[in-house]
Each structure stands twice: as structure tokens, then as C-alpha cells.
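K.L.:
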Amino acid sequence: MFAALDIGGTKIAGALVDSAGALGHRVQLPTPARESGAAVLAVVHRVLDRLAAAPEWAAVTAVGIGSAGPVDLAHGTVSPVNIPGWREFPLTAEVAAHPAVGARRVALAGDGVAMAAAEHWRGAARGAADALCLVVSTGVGAGLVLDGAVRPGPSGNAGHLGHITVELDGEPCPCGSRGCLEGIASGTAIARRALGEGWRPAGEDRSARAVAVDAAAGHPVAAAAFDRAARALAAGIAATAALVDLRRVVIGGGVATAGPVLFDPLARHLDRYAALPYVRGLDVRRAELGTDAGLIGAAALCR
């Protein structure tokens with residue numbers, strides 16, 4: 002049995018996961034992303050407290066963490082762009098210091114790498130020797146499977162597609178660069194773009210989810226916001242495929258639930274950007290594990 006933590010800018014989730022990848026006892030609390038680092042850690046500790054209260058905790062042999070990044074595996078730290086209170090935050094040490102964790106091993110990865118590990122173990126990248134797995138949600142994360150194994154790189158950030166530049170003169174990004182993929186293709190960016198171009202929701206929901214509903218109904222501004230996001234994703238995916246010579250692409254996260262609103266323009270733009278013969282006709286698939294991917298991936302780190 003493994004304990005798994007999935008830490009993002011919106012939620013901090015935990016679960017107990019067996020060796021076959023089945024989720025048992027679950028906990029989820031909102032992330033106080035705009036509060037202090039100590040406040041965010043307190044929520045992590047509350048999630049661990051609730052997991053440790055389950056009878057199955059005695060069978061737990063290791064704790065896996067998938068966190069919004071970037072991460073630093075060498076030092077066990079995280080600096081999530083969307084959690085300002087955590088900069089070079091010693092997450093591995095803080096989790097290891099929790100009384101219930103004791104002598105159990107703690108394994109850390111970025112959320113994109115965790116998602117890649119999950120989809121390669123039990124999802125849409127299963128059986129693929131090489132794959133790019135993306136999480137398109139509040140941010141954009143990704144992980145790489147190369148030669149049959151997840152490859153996080155020395156720092157743990159290999160495949161961090163959300164912060165490659167796809168628009169040379171684009172807007173500044175909180176990461177310090179400009180024109181990052183995340184700033185165009187994330188759910189936050191899609192909603193911001195649609196609102197800025199005059200889209201207004203029928204109800205109170207101003208998220209990318211509401212934009213997707215209107216885009217599917219033919220609202221031109223909503224559809225244009227998704228088309229722009231799909232174009233940025235196509236550029237990033239094609240560049241990665243050209244760089245490392247892969248065929249399988251798996252896309253998950255909340256934005257992927259938009260379905261054809263995202264995937265139809267993505268296919269059209271990939272025809273333009275994935276032009277070299279060895280990257281044409283990429284095998285693009287919807288992720289299969291949904292919101293469980295982060296937890297299953299965190300457990301996969303412990304295997």
C-alpha cells in the first residue's frame with residue numbers, strides 16, 4: 002500500500018493506493034494558494050492526518066507526492082508558479098517530518114511527471130515506449146516517457162511544456178519568461194482571453210468550463226479562445242515530438258474535458274505544425290484516468 006499526495010493550486014488531494022493502482026481512502030481539501038507557505042503546508046498535514054487515521058495506513062510503505070512545479074529533486078524542494086508562498090520550499094523534508102510518516106520513504110515528482118507515470122502504468126500511454134503526457138488545467142504540466150520509462154530528468158522537470166515559449170513577443174509569465182504555453186493554453190488563460198475579447202457567461206461561472214459550453218454552442222469569441230489555446234498546444238507538442246522523436250501524445254486535465262472544442266482545432270493545427278515526416282500523424286489520445294491521475298502517478302513513484 003502507498004500513500005499518495007496530489008498538490009496543485011486549486012486542491013490538495015490524498016489517497017491510499019494499492020500495488021495494482023486502485024484508490025482506496027481519499028481526502029481532498031482546497032489549496033489556500035494565496036496564503037502563506039505555512040498555511041499551505043498546514044493543509045498538506047491535515048490531508049496526511051486524515052489518511053493516517055485510516056486502518057489501512059499500517060500497510061503503507063512509502064509516500065509519493067506529485068506537486069505543481071517546478072520541482073528540484075536534488076534538494077526535495079518545490080516552487081509552484083501558482084502557489085507564491087512556496088519558493089524553494091522543502092516539501093520532501095516537511096512531509097517526511099510528519100509524525101505519521103515516520104521512517105517511510107518519500108518520493109517527489111512534478112505533477113506532469115506524476116500524470117505521465119499514471120497514464121503509462123494504467124492509462125492511455127500504457128504500452129507506449131515513448132509518449133508525451135500533458136495536464137491542461139489551471140496550468141499546463143507535462144511529463145515524458147522515453148524508452149519505456151518515465152524520464153523526469155536530473156532536476157525533475159523534463160518535459161515541463163507549460164513554460165516553453167510559443168509566442169516570441171507574448172505576455173510576461175510569472176515564471177520570468179514571455180509567451181509561455183501555459184499563458185495561452187491553460188484554463189485560466191482561456192477564460193481570461195474570452196473575457197478580454199467580450200465574452201460574457203450566461204451565469205456566474207466565468208471559468209474555461211463555461212467558455213467551452215458556449216464554444217460548443219457556436220459562440221465565436223468562446224470558440225476563438227479555444228482555437229488559440231489549441232494552436233499553442235499544437236506548436237508545443239510538435240516541437241517536443243520533433244525534438245525527442247515520439248508518437249503518442251496523451252492530454253488530460255480539466256481543459257481536456259471540453260472534448261471536440263479542444264481536440265478538433267488541435268488536430269487541425271497539428272497538421273500545420275507537425276510537418277516533418279517523422280512527426281506527422283501523431284497518435285493523440287484523451288487521458289483515461291481523469292482527476293485520479295495525479296494520485297495514481299504519485300503512487301507509481303513509489304513502486
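Residue numbers (our numbering): 2 to 304. Note that CB positions come from ideal geometry on N, CA and C, so glycine has one too.
Can S208 and G188 be called in contact, C-beta distance under 8 angstroms?
P.N.:
It is a contact, given that the beta carbons lie within the stated cut-off.
K.L.:
For A34 and P221, what's the separation of their Cα atoms in angstroms?
P.N.:
For A34 and P221, the distance between alpha carbons rounds to 33 angstroms.
K.L.:
Flag I252 as yes if its beta-carbon sits less than 8 angstroms from any beta-carbon of chain E, otherwise no.
P.N.:
Chain labels in this structure do not include chain E; a single protein chain is all it has.
K.L.:
Please list the terminal residues of the continuous beta strand (DSSP E) segment that includes L277.
P.N.:
L277 -> no beta strand (DSSP E), and no H or E assigned at all.
K.L.:
Assuming T166 and R152 are in contact, meaning their beta carbons sit under 8 angstroms apart, how far apart are those beta carbons, in whole angstroms?
P.N.:
That belief does not hold up - the Cβ atoms of T166 and R152 are roughly 22 angstroms apart, past 8 angstroms.
K.L.:
Using the Cα positions of S156 and D73, report the straight-line distance between them to the nearest angstrom.
P.N.:
Straight-line Cα distance between these residues: approximately 5 angstroms.
K.L.:
With A242 as the anchor, note down where its alpha helix (DSSP H) starts and where it stops.
P.N.:
Looking at the DSSP string, the run of the alpha helix (DSSP H) that includes A242 is 221 to 245.
K.L.:
Please state whether DSSP places P56 in a helix, a strand or coil.
P.N.:
Here P56 sits in helix by DSSP.
K.L.:
What are the residues that DSSP puts in a beta bridge with R88?
P.N.:
Its beta-bridge partners do not exist; DSSP assigns none.
K.L.:
List the residues that DSSP assigns as beta-bridge partners of I13.
P.N.:
DSSP lists I8, L30 as partners of I13.
K.L.:
In its own chain, which residues sit with a C-beta less than 7 angstroms from the C-beta of V79, not counting the 5 before and 5 after it?
P.N.:
Excluding residues within five positions, the ones whose Cβ falls inside 7 angstroms are S68, G70, V72, W87, F90, L92.
K.L.:
Alpha carbon to alpha carbon, how far is T32 from C174? Give it in angstroms, no decimals.
P.N.:
Computed Cα separation, rounded: 21 angstroms.
K.L.:
Do you know how far the Cα of D7 is from the Cα of E198?
P.N.:
For E198 and D7, the distance between alpha carbons rounds to 34 angstroms.
K.L.:
Could you check the C-alpha separation between G391 and L42 for me, to the nearest Å?
P.N.:
Lying outside 2 to 304, the shown extent of the chain, residue 391 is not represented and no answer is given.
K.L.:
Which residues share a DSSP beta bridge with R248?
P.N.:
Looking at the DSSP assignment, R248 forms no beta bridge with any residue, so it has no partner.
K.L.:
Specify whether the stretch 222 to 242 and the stretch 263 to 274 touch according to this definition: at least 3 beta carbon pairs, one from each stretch, less than 8 angstroms apart.
P.N.:
Taking 8 angstroms as the limit for Cβ pairs, the verdict is that the stretch 263 to 274 does touch the stretch 222 to 242.
K.L.:
Beta strand (DSSP E) containing R287: first to last residue?
P.N.:
Segment 284 to 287, the beta strand (DSSP E) holding R287.
K.L.:
Return the chain-ordered ranges of every alpha helix (DSSP H) run that is complete within the stretch 82 to 170 and spans a minimum of 4 residues.
P.N.:
Entirely contained in the stretch 82 to 170, the alpha helix (DSSP H) runs reaching 4 residues are, in chain order, 92 to 97, 112 to 123.
K.L.:
Give me, in chain order, the residues of the same chain whose beta-carbon lies closer than 6 angstroms to that of A75; leave out the 5 immediate sequence neighbours on both sides.
P.N.:
Around A75: no qualifying Cβ.
K.L.:
Kindly list the residues whose CB is nearer than 6 angstroms to the CB of I191, restricted to its own chain and excluding five residues on each side of it in sequence; keep chain order.
P.N.:
If we look at I191 and ignore the five residues flanking it on each side, its Cβ neighbours are A209, V212, A226, A230.
K.L.:
In angstroms with no decimal places, state the Cα-to-Cα distance between I84 and A159.
P.N.:
Each residue's Cα considered, the two are about 20 angstroms apart.
K.L.:
Under 8 angstroms by Cβ, that's how I've got A300 and G22 pegged, so tell me the actual separation to the nearest angstrom.
P.N.:
About 7 angstroms; that satisfies the 8 angstroms criterion.
K.L.:
Just the C-alpha distance for D131 and H99, rounded to the nearest angstrom, thanks.
P.N.:
For D131 and H99, the distance between alpha carbons rounds to 37 angstroms.
K.L.:
Can you check whether the CB of V136 is closer than 8 angstroms to the CB of G65?
P.N.:
No, these two residues do not count as a Cβ contact at 8 angstroms.
K.L.:
Using the Cα positions of A150 and P56, report the straight-line distance between them to the nearest angstrom.
P.N.:
Taking the straight line joining both Cα atoms gives about 33 angstroms.
K.L.:
Starting from G180, trace the alpha helix (DSSP H) both ways and give me its first and last residue.
P.N.:
No alpha helix (DSSP H) holds G180; DSSP gives it neither H nor E.
K.L.:
Quick check: what's the CA-CA separation for A97 versus H46?
P.N.:
Each residue's alpha carbon lies about 11 angstroms from the other.
K.L.:
Taking the CB atoms as reference points, tell me whether V61 and R105 lie closer together than 8 angstroms.
P.N.:
Contact flag set, yes.
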